[in-house]
Amino acid sequence: MNIVGIRKWTFCLSALLFIASIVTLAIPPALTPGIDFSGGAAFTLSFEDVLNPALVEETLGEIGHPESIVQPSVEADGSFGKRYFIRVGELDQALRDQNGVITTDGGREKIEKSLNALSPLTVIGFDNVSGIIAGENVRNAAIAVVVAALAILVYITWAFRHVPSPLRYGTSAIVALIHDTVIVLGLFSILGKLFDFEVNAMFITGVLTVIGYSVNDTIVVFDRVRENIGKFPTLSITEIVNLSVRETVARSLNTSITLLIVVGALMLFAASSIQPLLFVLAAGVIVGTYSSIFIATLMLVVWENGEIRNVASRIPIIGPKRAA
Amino acid sequence: MLIVVGGSFATLSIKNIDFAGLQRGSSDPLGLSLGLDLVGGIHLVYQTEFEPTKDEMAGLVENITRRVNKLGVSEPSIQQLGKDRLVIQLPGLEDEEQAKKLIGQTALLEIVERSCTANPCSDLFPENFTDQLTGLTGADMSSAFAGTNTVTGQPILLFALNRGAAQQFAQLTADLHETNVPGGTPDQLAFQMDGETLVSAVVSSPITSGSGQINGNFSAEEVRQLAIQVESGRLPIPITEISANFVAASLGADSLDQALEAGIIGLALVLLFMIGYYRLAGLIAAITLVLYTAMVLAIFKLFPITLTLSGLAAFILSLGMAVDANILIFERMKEEVRIGRTLPFAVQIGFNRAWTSIRDGNVSTLIIAAILFFFGSTGANSSVTGFAVSLTIGVLVSMFTAIVISRKMMALVAGTRLGKWPRLFSPEGYKGGTTAGQDA
């Protein structure tokens, strides 16, 4: 198994996925924000009768919520169920008198009253996030991602302080990490455009977990490279890396499989509120396993062999430009 | 090791724990405490309309706590978040409007005349009093603050009324004072907040100047609290709802069932996979994993950590990660067996070599969990925090079980006759012979 030998192909594949992700992210909306980040409200309603989703949408449009997303539950036979998930923009608060009794209906009361006229309903879930909190969430998420990236960079440099040229290991791991994050974001950008897949606070949680996992996976392979360099000083870096990947591939795959098993089980059963998290985790585990072997490790080979200057010309998309 | 494992199961088997002042447990499955998204309930975040002082905020928290307690929710939680926010959690409450109505009320401080109709006229006998509103409210007061009696040095509550109300107050206190005769039934003056008496006192002399004081056997802290309370009724702080989250019990129960189902199926599949691929070693890992599950749940219960849907997801995810440590060790062991080491030796080397990878790999997860914890706790997003806490506990326990429990069990098994059959421990056995040591 000569993994180093196929680096051209894996670099090409990754470059393609990476560029495709950047392109989809460049087309607005880059990601579809959920109420955590945009503000707004979400209802889970249980109606007494089966309703036509178009009618629900029309009713919401009439009372000033044409932007709403209406998702009926689907029964086993494919017909619409009685449970509805409805997502609207920010709602006005109801005004209350001294005794706390509502004097002027807020946006929520208006929606519930007009939908109740279609069919008696019970609110079984309600979520409301104001613009203030949404703005803070966006800021905190950005801070969390930046801090996480820096912390991981510091950690990797520390973890590989004993190998010759630790910076190369650290940088390779970071490249793999950026690779994973961008591809997962790209995937979500497409899912958001096609299926209204929303990005919420749990999504960010998933992205950060994926970053942790990707680094974990890369470290295991690098750890083996580090060990084998000491064990077989006569072997070339290409041989060392081939050997190390061969020795760790079973572990990498088995761990990914077990993680995919549990994430898959959750996806099939768990509630919709954590579905974005699970999707990110599943995608991240797959991309993270791939990148720890084919990106991080092979980049190390390229670097150690001094091929880094030629690397651009090995990628066909960039190659011709450089030649010109 | 046996103590930890045994303790974990014991913790889980007893629903309610009450040991040396440590009370844990609930009626939920295994006595774990479950979050709002699993049992149903209301989570509200309010913000004041202007930036309050510390005392104003403390008064607000007190007022809302008093009202929320009327709802009869078993474990309500009212917490201040930052300088100007309140997080209110009401597990199990179905009537959202009832809660919002109570919380949305404007705090009402009233000055009340409490006529004593029979002896003894003591607070211990509330049935001896009939309360009567005087029409004076917090709006008629100009200040309330804690002070000390210049003569006795005792802490007292000082208060003053607006100029317009001073006349009525003087008349009121004069009337009350007349009942304060030896052998009589002295009427009292009380400050009531939302119908509940904060403080009441007999009138020792009519208050004509519009400002008075309440003496009593108060501690300085009691007087300070009282002043905060009266002030919060004098100048109520308007609040706005900035986030609301309601989950009906039925929806929560659905989520819980689904998550448990996912957890059980996920765990079963992982166990099958481990046993199928790693044979006897896999079986040992499987047993470790079951013990791991018990230990994590026991920790959740003892802390106690409220389990939310995202926390459960993190726990189930950590199951997958716990397997990782075992896989790392087994793969290492297999290699050692393959180059011809005897099994007990391979076990020892496998564990030692795998440890650096396990440690380094898990540290990155722990760093991420710590960052997530801060990301979640600065906002009001409890699901992110729940995820981070569960993940941290999961990772720490997984390191312990893999290194301590798996290792002991492997060493135990490898020392027996079973240890002579490496085939039982790896999918391809090892190259060449059937017993270890011939292939080197």
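In order, the protein sequence lines correspond to chains S and Y.
Residues are numbered in our numbering as their position in the first sequence, beginning at 1, plus a constant of 40.
Residues are numbered in our numbering as their position in the second sequence, beginning at 1, plus a constant of 1.
By construction, the Cβ of each residue, glycine as well, lies at the ideal position given by its N, Cα and C atoms.
Quantities reported herein were computed from a predicted structural model and do not represent experimental measurements.
- Taking 7 angstroms as the cut-off, the Cβ atoms of Val-324/Y and Ile-301/S do not count as close.
- Spanning the alpha carbons of Phe-334/S and Thr-50/S requires a straight line of approximately 6 angstroms.
- A residue is called buried once 16 or more other Cβ atoms fall within 10 Å of its Cβ, and Ile-4/Y, having fewer, is exposed.
- Neighbours of Gly-165/S in chain Y, taken as residues whose beta carbon is under 7 angstroms from its own, are Phe-247, Val-248, Ala-249 and Leu-252 in chain order.
- Selection Met-411/Y, Gly-267/Y, Leu-281/Y and Glu-98/Y evaluated against Met-322/Y yields Gly-267/Y as nearest (Cα-Cα).
- Partner residues in the beta bridge of Glu-197/Y, as assigned by DSSP, are Met-194/Y.
- Under the DSSP assignment, Ile-285/Y falls outside any beta strand (DSSP E), being part of the alpha helix (DSSP H) whose first and last residues are 250-303.
- DSSP places Gln-99/Y in the helix class (H, G or I) of the three-state scheme.
- Under DSSP, Met-142/Y shares a beta bridge with Leu-162/Y.
- Out of Ala-282/Y, Gly-73/Y and Ala-108/Y, the CA that lies nearest to the CA of Leu-344/Y is found in Ala-282/Y.
- Burial state of Asp-117/S is exposed, judged by a 10 Å Cβ sphere holding fewer than 16 other Cβ atoms.
- Beta-carbon to beta-carbon, Ser-170/S and Ile-112/Y are separated by about 37 angstroms, too far to satisfy the 8 angstroms threshold.
- Close to chain Y, meaning a Cβ-Cβ distance shorter than 8 angstroms, are the following residues of the segment 169-185 of chain S: Val-169, Ser-170, Ile-172, Ile-173, Glu-176, Asn-177, Asn-180, Ala-181, Ile-183 and Ala-184.
- The beta strand (DSSP E) runs lying completely inside the segment 48-123 of chain Y and spanning 3 residues or more are 78-82, 86-92 and 110-117, given in chain order.
- Taking 7 angstroms as the cut-off, the beta carbon of Gly-377/Y is found closer than this to the beta carbon of Thr-386/Y.
- When C-beta distances to chain Y are compared with 7 angstroms, the residues of the segment 133-151 of chain S below that value are Gln-133, Arg-136, Gln-138, Asn-139, Gly-140 and Val-141, in chain order.
- For Gln-111/S, the uninterrupted beta strand (DSSP E) run begins and ends at 109-114, by DSSP.
- Two segments are said to touch when three or more pairs of C-beta atoms, one from each, lie closer than 8 angstroms; by this definition the segment 80-97 of chain Y does not touch the segment 209-222 of chain Y.
- For Arg-127/S, there is no enclosing alpha helix (DSSP H); the enclosing beta strand (DSSP E) has its first and last residue at 120-128.
- In the same chain as Met-339/S, and ignoring 5 residues on each side of it, the C-beta atoms closer than 7 angstroms to its own belong to Ser-212 and Val-215, in chain order.
- Following the DSSP letters along the chain, one finds Val-186/S inside the alpha helix (DSSP H) bounded by residues 171-199.
- Per DSSP, the unbroken beta strand (DSSP E) holding Gly-213/Y starts and ends at 212-215.
- Interface flag for Ser-244/Y against chain S is set, since a Cβ pair is found closer than 7 angstroms.
- DSSP places Thr-386/Y inside the alpha helix (DSSP H), whose first and last residues are 383-401.
- Among the residues facing chain Y, Gly-252/S is included, as its CB has a counterpart in that chain under 7 angstroms away.
- The beta carbon of Ala-323/S sits closer than 6 angstroms to the beta carbons of Val-224 and Leu-227 from its chain, once the five residues preceding and following it are set aside; these are given in chain order.
- Listed along chain Y are Val-271, Phe-274, Gly-321 and Val-324, each with a C-beta nearer than 7 angstroms to that of Thr-298/S.
- Note on Leu-134/Y: under 16 other CB atoms within 10 angstroms of its CB, so exposed under the neighbour-count rule.
- The residue among Ala-119/Y, Leu-373/Y, Val-46/Y and Gly-362/Y with its C-alpha nearest the C-alpha of Met-400/Y is Gly-362/Y.
- Flagged as an interface residue toward chain Y: Ile-301/S, by a C-beta distance shorter than 7 angstroms.
- Pro-316/S and Phe-301/Y have their alpha carbons spaced roughly 25 angstroms apart.
- Only residues of its own chain outside the window of five on either side were considered, and among them Pro-345 have a CB closer than 7 angstroms to the CB of Gly-416/Y, listed in chain order.
- Rounded to the nearest angstrom, the Cβ distance from Ala-184/S to Ile-244/S is 7 angstroms, consistent with a contact under 8 angstroms.
- For Thr-49/Y, the CB contacts under 6 angstroms within the same chain, skipping 5 residues up- and downstream, are Asp-85, Ile-238 and Ile-240 in chain order.
- Between Lys-84/Y and chain S, the shortest Cβ-Cβ separation is not below 7 angstroms.
- Our two residues, Thr-209/Y and Gln-138/S, have alpha carbons roughly 31 angstroms apart in a direct line.
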